[in-house]
Amino acid sequence: MVSIDVPLPDDLHARAKEQARVQGLTLEEFVRQCVTARVTQRASDSLFADLEVWNGPTPADLSDRHDDYLYGDDQ
16 MVSIDVPLPD DLHARAKEQA RVQGLTLEEF VRQCVTARVT QRASDSLFAD LEVWNGPTPA
76 DLSDRHDDYL YGDDQ
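Going from the sequence shown to the numbering used here is simple: count from 1 and add 15.
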């Protein structure tokens, strides 16, 4: 396990300590649970669930002209 030192504002530290106490956790375990929840949140977000990625070549102006490439130049 890796240990890290994270500076927190005094008010956030106090609120985290209180929440840990209320939940019967050490501050360290509370922080681990918070980080775990945040990291896994993205994995369960449907926005990021689609893993389809185009790995082939793309035009240099794709971001500017994506509608043209998707729907044709007539749009």
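For glycine and all other residues, C-beta sits at the position ideal for the given N, C-alpha and C.
Check                                                                                        : Outcome
For Leu-42 and Arg-30, I'd like the C-alpha separation in whole angstroms.                   : 10 angstroms
Just how far apart, CA to CA, sit Ala-52 and Val-37?                                         : 18 angstroms
Of all the CB atoms in chain C, is at least one closer than 8 angstroms to the CB of Val-37? : The structure shown contains no chain C; it holds only a single protein chain.
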